[in-house]
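> Residue numbers (my numbering): 4 to 375.
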């Protein structure tokens, strides 16, 4: 009834006003998020439409507060990684909004639910990104630039969250989960292209990548490649094939970059941008790319994956181009001979495999004739 709605609204408004006077900074952010959850819970107990809007309004106020001060608690955020004011200031509201969206979803999908859903996803993403930035930059979230470590962690987190949202949207059917999954995927793709492969590319700029195998290359290229591959399988059958194939292509590029950079690391140490490329190094690139292409072909034949076979063809085609455009002009003597010999042997073996295995598998068995 209108009287109950008015009483509930007045009670929540009074509580919010009291909290505003009593608390400040991070505590007020947390308290207002909890009030939003309380309004969502009340809307289940008393299905009054305005209570749903009240939950969304409080969620919007909390979002505006972090726009004013992203550190939540200002200068007292602390320097301890993970367990600092960012964890409470973003984590508690994120949990509150997820709980609120759960309550609101019981009575249907509408604008207030989508607003609270959006706030839940936003705070979850910001929690991860701000904690990464805080940890990498010694507690300074306003640091002027982002390095390879930070971008790599953000790409990995974005891809992992996109996988989770793709799974969630199939069950919930929520347009918010749908759009958020796409936005996180686009962010990961752009950050990989312009960050990992561009502005923070260790082959182009001075960057100490660390140890021989456990290093930044593993974090920045191998892990995102695996996560992108998992994401391409998560969206398969639920989104257009071109969308999944684009993500799979991104995974292939990151994986090939990891193989290439790791070889460079073995030849030149932790700083990849210094030192000239030797003939042995060029030959190693060609052999490694060939082995990578053959491995992809093997996976494609074993699990009957056309996508893996196409990826194999792309890598081997790139290796052929490298052999004629780069190896022909830079290699000499035994390295040039070995490069073309290995390439020829692999191509002959691939032709044999396709003839003996793939084409035979595709041949349809004869249909038995049954007599009348």
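Every residue gets a Cβ at the ideal spot worked out from N, C-alpha and C, and that includes glycine.
1) When DSSP builds the beta bridges, which residues end up paired with residue 242?
2) Once DSSP output is grouped into helix, strand and coil, what is the label at residue 218?
3) Report all residues from its chain with a CB closer than 8 Å to the CB of residue 295; omit the five preceding and five following residues, and keep chain order.
4) From 137, 356, 178 and 321, pick the residue whose C-alpha is nearest to that of residue 120; which is it?
5) May I have a chain-ordered list of the alpha helix (DSSP H) segments no shorter than 4 residues that lie completely inside the region 294 to 327?
6) Where do the N-terminal and C-terminal ends of the alpha helix (DSSP H) with residue 212 fall, by residue?
7) Does the contact criterion of 3 or more C-beta pairs under 8 Å hold for the region 151 to 166 versus the region 221 to 228?
8) With DSSP as the reference, please indicate the residues paired to residue 80 in a beta bridge.
9) What first and last residue would you give for the alpha helix (DSSP H) that runs through residue 52?
10) DSSP has residue 274 in a bridge; who is on the other side?
11) Apart from the five residues just before and just after residue 314, which ones in its own chain have a Cβ nearer than 6 Å to its Cβ?
12) Measure the beta-carbon distance from residue 321 to residue 355 and round it to whole angstroms, keeping in mind my assumption that it falls under 8 Å.
13) List the endpoints of the continuous alpha helix (DSSP H) containing residue 225.
14) Could you give the residue range of the alpha helix (DSSP H) that holds residue 85?
15) Ends of the alpha helix (DSSP H) at residue 157?
16) If you drop the 5 nearest sequence neighbours on each side, which residues of the same chain put their C-beta closer than 8 Å to that of residue 156?
17) Going by other Cβ atoms of all chains shown within 10 Å of its Cβ, with 16 needed for buried, is residue 330 buried or exposed?
18) Would you mind giving the Cβ-Cβ distance between residue 29 and residue 75, rounded to the nearest angstrom? I have them listed as a contact below 8 Å.
19) By a C-beta neighbour count over all protein chains shown, 10 Å radius and 16 as the cutoff for buried, is residue 303 buried or exposed?
20) So what's residue 331 in DSSP terms, helix, strand or just coil?
21) Verify whether the separation of the beta carbon atoms of residue 269 and residue 210 is less than 8 Å.
22) Specify whether the region 31 to 48 and the region 95 to 112 touch according to this definition: at least 3 beta carbon pairs, one from each stretch, less than 8 Å apart.
23) If you count every other CB in all the chains shown that lies within 10 Å of the CB of residue 197, and 16 or more means buried, which is it?
24) State the DSSP-derived secondary structure class of residue 16, mapped to helix, strand or coil.
25) Would a C-beta distance cut-off of 8 Å place residue 32 and residue 65 closer than the cut-off?
26) Considering only the alpha carbon of each residue, which of 336, 337, 316 and 343 lies closest to residue 328?
27) Using 10 angstroms around the beta-carbon of residue 375, count the other beta-carbons present and answer buried if the total reaches 16, otherwise exposed.
28) Alpha carbon to alpha carbon, how far is residue 245 from residue 188? Give it in angstroms, no decimals.
29) Among 59, 170, 279 and 83, which residue has its Cα nearest to the Cα of residue 141?
30) Between which two residues does the alpha helix (DSSP H) containing residue 144 stretch?
31) Helix, strand or coil for residue 178? Go by DSSP, reduced to three states.
32) What residues in its chain sit with their C-beta under 7 Å from that of residue 126, if we drop five residues either side in the sequence?
33) Assign residue 339 to one of three DSSP states: helix, strand, or coil.
34) For residue 375, which three-state DSSP category applies?
35) In angstroms with no decimal places, state the Cα-to-Cα distance between residue 286 and residue 168.
36) In this structure, does DSSP put residue 344 in helix, strand or coil?
Here's the rundown:
1) Counted from its first residue, the chain shown places residue 242 at position 239. In the DSSP assignment, the residues bridged to residue 242 are 239.
2) As a working note, residue 218 is residue 215 in the chain shown. In the structure shown, residue 218 sits in a strand (DSSP, three-state: E or B).
3) By one-based count along the chain shown, residue 295 stands at place 292. For residue 295, where only same-chain residues beyond five positions count, the Cβ hits under 8 Å are 258, 259, 262 and 318.
4) Along the chain shown, read from residue 1 onward, the residue named residue 120 stands at position 117. Among 137, 356, 178 and 321, the Cα nearest to that of residue 120 belongs to 178.
5) Fully enclosed alpha helix (DSSP H) runs of no fewer than 4 residues occupy 309 to 325 of the region 294 to 327, in order along the chain.
6) Locating residue 212 in the chain shown gives position 209, where the first residue counts as 1. Unbroken run through residue 212: none, as it is neither H nor E.
7) yes
8) Position 77 of the chain shown, counting from 1, holds the residue named residue 80. DSSP output for residue 80 lists no bridge partner at all.
9) Position 49 of the chain shown holds residue 52. For residue 52, the enclosing alpha helix (DSSP H) covers residues 52 to 71.
10) For the purposes of this step, residue 274 is taken as residue 271 along the chain shown, with counting starting at 1. DSSP, once it has assigned bridges, lists 211 as partnering residue 274.
11) Here residue 314 corresponds to residue number 311 of the chain shown, with the count starting at 1. Apart from the 5 residues on each side of it in sequence, residue 314 sits with its Cβ closer than 6 Å to the Cβ of 255 and 299 in its chain, given in chain order.
12) Walking along the chain shown from the start, residue 321 turns up at place 318. Walking along the chain shown from the start, residue 355 turns up at place 352. That belief does not hold up - the Cβ atoms of residue 321 and residue 355 are roughly 22 Å apart, past 8 Å.
13) By one-based count along the chain shown, residue 225 stands at place 222. That residue, residue 225, is in no alpha helix (DSSP H); it is neither H nor E in DSSP.
14) Numbered from its first residue, the chain shown carries residue 85 at position 82. Premise fails: residue 85 is in no alpha helix (DSSP H) and is neither H nor E.
15) Locating residue 157 in the chain shown gives position 154, where the first residue counts as 1. Looking at the DSSP string, the run of the alpha helix (DSSP H) that includes residue 157 is 151 to 175.
16) The residue given as residue 156 occupies position 153 in the chain shown. For residue 156, where only same-chain residues beyond five positions count, the Cβ hits under 8 Å are 135, 139 and 222.
17) The residue you call residue 330 lines up with position 327 of the chain shown. Result: buried.
18) Taking the first residue of the chain shown as position 1, residue 29 is located at position 26. Taking the first residue of the chain shown as position 1, residue 75 is located at position 72. Contact holds; Cβ gap of about 4 Å.
19) Indexing the chain shown from 1 puts residue 303 at position 300. Looking at its Cβ environment, which holds 16 or more other Cβ atoms inside 10 Å, residue 303 is buried.
20) Reading the chain shown from its first residue, position 328 is the one you call residue 331. Helix at residue 331.
21) Position 266 of the chain shown, counted from the start, is the residue given in the question as residue 269. Position 207 of the chain shown, counted from the start, is the residue given in the question as residue 210. Residue 210 sits away from residue 269, with the two beta carbons spaced by 8 Å or more.
22) yes
23) The residue you call residue 197 lines up with position 194 of the chain shown. Its Cβ having fewer than 16 others within 10 Å, residue 197 is exposed.
24) Locating residue 16 in the chain shown gives position 13, where the first residue counts as 1. Residue 16 sits in a helix when the DSSP states are folded into three classes.
25) Working through the chain shown from its first residue, we reach residue 32 at position 29. Working through the chain shown from its first residue, we reach residue 65 at position 62. A contact, by the Cβ cut-off of 8 Å.
26) In the chain shown, residue 328 corresponds to position 325, counting from 1. Ranking 336, 337, 316 and 343 by Cα distance to residue 328 puts 343 first.
27) For the purposes of this step, residue 375 is taken as the residue at position 372 of the chain shown. Caution applies to residue 375, whose pLDDT of 42 falls short of 50 and renders its modelled position unreliable; the value that the coordinates give is listed next. With fewer than 16 Cβ atoms within 10 Å of its Cβ, residue 375 is classed as exposed.
28) As a working mapping, residue 188 is identified with position 185 in the chain shown. As a working mapping, residue 245 is identified with position 242 in the chain shown. Taking C-alpha positions only, residue 188 is separated from residue 245 by approximately 14 Å.
29) As a working mapping, residue 141 is identified with position 138 in the chain shown. Of the candidates 59, 170, 279 and 83, the one whose C-alpha sits nearest the C-alpha of residue 141 is 83.
30) Numbered from 1 along the chain shown, position 141 holds the residue referred to as residue 144. Here residue 144 belongs to no alpha helix (DSSP H), and DSSP marks it neither H nor E.
31) Here the question's residue 178 lines up with position 175 in the chain shown. Looking at residue 178 - three-state DSSP - the assignment turns out to be helix.
32) One-based indexing of the chain shown puts residue 126 at position 123. Setting aside the 5 residues that flank it on each side, residue 126 is surrounded in the same chain by 93, 96, 97 and 100, each with a C-beta closer than 7 Å to its C-beta; the list follows chain order.
33) For the purposes of this step, residue 339 is identified with residue 336 of the chain shown, where counting begins at 1. It is helical.
34) On the chain shown, residue 375 is found 372 positions in, with the first residue counted as 1. Because the pLDDT at residue 375 is just 42, under 50, the model does not fix this residue reliably, and the value given afterwards should be weighed accordingly. Reduced to three states, the DSSP call for residue 375 is coil.
35) For the purposes of this step, residue 286 is taken as the residue at position 283 of the chain shown. For the purposes of this step, residue 168 is taken as the residue at position 165 of the chain shown. Cα-Cα distance, rounded: 43 Å.
36) Counting from one through the chain shown, the residue named residue 344 turns up at place 341. Annotated three-state conformation of residue 344 is helix, per DSSP.
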